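One line per chain: the protein sequences are A and B, in this order. For the first sequence, position 68 (counting from the first letter as 1) is numbered 1442 according to the numbering used here, and the numbering increases by one without interruption. For the second sequence, position 349 (counting from the first letter as 1) is numbered 598 according to the numbering used here, and the numbering increases by one without interruption.
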Amino acid sequence: MNQPASITPLIDTLYREHHGWLFAWLRKKLGCPHHAADLAHDTFTRILSLPRIPCLHEPRAYLTITAKRLIIDQARRRQIEQSYLAELVLAAETMRNFPSPVEILAVIQALTQISAALDGLAEKPRLAFLLHYLDGQTHAAVASQLGVSTRMIQKYLVQALVHCHQTCYSN
Amino acid sequence: MPSNLLLELKHGANLFMRLHAATNQHSALDNITRQAAEWLVRLSADSATSSDYAVLLAEYEKWKQADPRHAEADEKMASLIDQTRQLRNVTPNTAPARAAIEAGFEKNCKRSHIKSVGAALVLVLALAVPGWLILQSYPPAYLMADMRTATGKWETRTLTDDSRITLNSASAVNLDFDASRRVLTLVRGEILVDVAADPTRPFLVETVHGSIRALGTRFVVSLDTDATTLTMLESSTILQAVTEKKLQGKAEDKATKNANGTIINAGQRVRITFKGIGEVENIDARAISDARQFRQLVVENRPLPEVLDELARYRPGFIRYNRAQIENMKVSAVLPLDDPDKALQLLAKSFPIRVHTVTSWLMVVDATNAVIATDTSRK
């Protein structure tokens, strides 16, 4: 939100001109006025939080894409949350300390980001990334698990990191 | 017209050159990203030993400082790596995190496929989980025992030697009586024993943690995962922990073994673990001695986790808690064992805890003050 003062009128016009139809569009799409209002608000917040306000030639298209991306992100987050909690209950048997609600929240946030960053990456580089960085396995251990050479694992890891960098960048 | 055409051509060439420049810039950035990624992978390679590592690290720092774009590309990826690594600190078991990450993007690209697999999985889980839970709460040793009671059932039996045993809820024993001795093995749960005197045949109650030799008495033996608790109601017993038995040579006869045991008298309670016999504490034997009151849990100054473990025996399913959160809470109470859920509610009223019913099989107990404490520390 470190926008220079000159930006504010720009957002102001954008909001006044487009909030109405965006809200209507979202309400039709989501079927829930409260959820739609939240999302419309989040869409503008996201644009505001960008390092620089993009020059909008097609504001409608831009806003719709941003809103759609938010819907996908929220679905992803819900999916991750449900899956994590379900697995956590199953794994509770083997755990010494059950994570606190605050920890669970932080983990779900991190998982959402990691999942978004890895989205679209091929299976093997993704597995290499998770086995090495999440599980803490050595390159050699990951190599034997995936049935490829250590050199290949390093290639996979580079590929995964570059991919993550690009997905984070485009968001 | 030709001038117009010329203009268009010029414009086109201009556009092409601009596009070309942009692509060049783009690929330069891509190169930097790739280099940064290669650095990060090299740094966590198996071959990076401590001496190599210092050299590698120095070179890497140099590379980062060479261009601000290097540092920028590196920072983004490094922070994602850190974020991923830190998940292990929260739960060393990474299976839930793995499953959640996969769940996050699978749905987006292969919705229909996942739906059907998901439905199949749910079905398998629906079938498998109860089976798994049953095995967890009724392990094979319990199912194969000579005498056993189901959750929430009590049973009193008179044995062939006129001794009487009362099996508490979800308990199981094996009997091994012969001409020289009477051995009762507690496999699970809790028993109240009234031993009939028989000078020729000693009466022994054994658990994984130790053995209790009765001297014409009445006592309660209770077994949980990490300890056996002996509560003496009348007379006394000689107690031996498994560790002590192991220390003594096999050649020694029974008399010496018994002489070396610890004598526990009426009104005393003791815990036996694999580490040995714990401290002897005094209890109010009268409160427990009535068989009818066996259906009430009488506790005095006991840690809440132990009380929850005890209550868990009287209801099907599990009670989960974080031991560190609640072990400082000491309970003194008489709790109804006929209605363990009510007992839990009573505890929730008198302690800063919350009881969540996840399913009828799983209750989660957590401390309310612990959550608040964490919240404020983060602020």
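We treat Cβ as the ideally placed atom computed from N, Cα and C, and that holds for glycine. None of the values given here were measured: they were computed from a predicted structure.
When the Cα atoms are used, Thr480 of chain B and Val1476 of chain A turn out to be separated by approximately 41 Å. Neighbours of Asp473 of chain B in chain A, taken as residues at a C-beta separation under 8 Å, are lacking, since the least C-beta distance is about 16 Å. By the neighbour-count criterion, in which a residue is buried when 16 or more other Cβ atoms sit within 10 angstroms of its Cβ, Thr1387 of chain A is exposed.
Taken atom to atom, the span from the alpha-carbon of Asp279 of chain B to that of Met326 of chain B is near 13 Å. Taking a Cβ-Cβ cut-off of 9 Å, the neighbours of Lys325 of chain B in chain A comprise Cys1538, His1539, Cys1542, Tyr1543, given in sequence order.
For Lys524 of chain B, no beta strand (DSSP E) encloses it, and the DSSP letter there is neither H nor E. Per the C-alpha coordinates, the member of B:Asp427, B:Glu559, B:Val422 positioned closest to Leu433 of chain B is B:Val422. In the structure shown, Ala419 of chain B adopts coil according to DSSP, grouped into three states. About 7 Å separates the CB atoms of Ile513 of chain B and Val529 of chain B; that is less than 8 Å, so the two are in contact. In terms of Cβ geometry, His1539 of chain A and Thr282 of chain B form a close pair [threshold 8 Å]. Look at Thr282 of chain B: its C-beta is under 8 Å from a C-beta on chain A. Straight-line measurement puts the Cα of Glu287 of chain B at about 13 Å from the Cα of Ala320 of chain B. Classified as exposed, Leu1479 of chain A has fewer than 16 neighbouring CB atoms from the shown chains inside 10 Å of its CB.
Chain A places a beta carbon closer than 8 Å to that of Gln332 of chain B, counting this residue as a contact.
A buried status is given to Thr478 of chain B, since no fewer than 16 other beta-carbon atoms sit within 10 Å of its beta-carbon.
Assigned with DSSP and collapsed to three states, Asn338 of chain B falls in helix.
Per the Cβ contact rule, the stretch 1507-1518 of chain A is not in contact with the stretch 1451-1466 of chain A (fewer than 3 Cβ pairs under 8 Å). Under the Cβ criterion of 8 Å, Ile1488 of chain A is counted among the residues facing chain B.
The beta carbon of Asp411 of chain B sits closer than 6 Å to those of Ala445, all from its chain and outside the five residues before and after it, given in chain order. The beta-carbon of Thr1512 of chain A is placed less than 8 Å from the nearest beta-carbon of chain B. When DSSP states are grouped into helix, strand and coil, Arg450 of chain B belongs to the coil group. Identification of residues in the stretch 285-318 of chain B having a C-beta nearer than 9 Å to some C-beta of chain A yields Ala285, Ala286, Glu287, Leu289, Val290, Arg291, Ser293, Ala294, Asp295, Ser296, given in sequence order.
Per the C-alpha coordinates, the member of A:Ala1517, A:Ser1518, A:Gly1521, A:Gln1487 positioned closest to Asp331 of chain B is A:Gln1487. Secondary structure at Gly459 of chain B: strand, using DSSP grouped into helix, strand and coil. For Arg1450 of chain A, the closest Cβ of chain B is nearer than 8 Å. Chain A has a Cβ within less than 8 Å of the Cβ of Ile350 of chain B. Sorting A:Arg1434, A:His1392, A:Pro1383, A:Leu1444 by C-alpha distance to the C-alpha of Leu1413 of chain A places A:Leu1444 at the top. Annotated as proximal: Arg551 of chain B and Val580 of chain B, with beta-carbon spacing under 8 Å.
Using a Cβ-Cβ cut-off of 8 Å, Thr340 of chain B counts as an interface residue toward chain A, since at least one Cβ of chain A sits closer than that to its own. Here the alpha carbons of Ala463 of chain B and Ile487 of chain B stand approximately 7 Å from one another.
About 5 Å separates the beta carbon of Val290 of chain B from that of Gln1528 of chain A, a gap short enough to meet the 8 Å contact definition.
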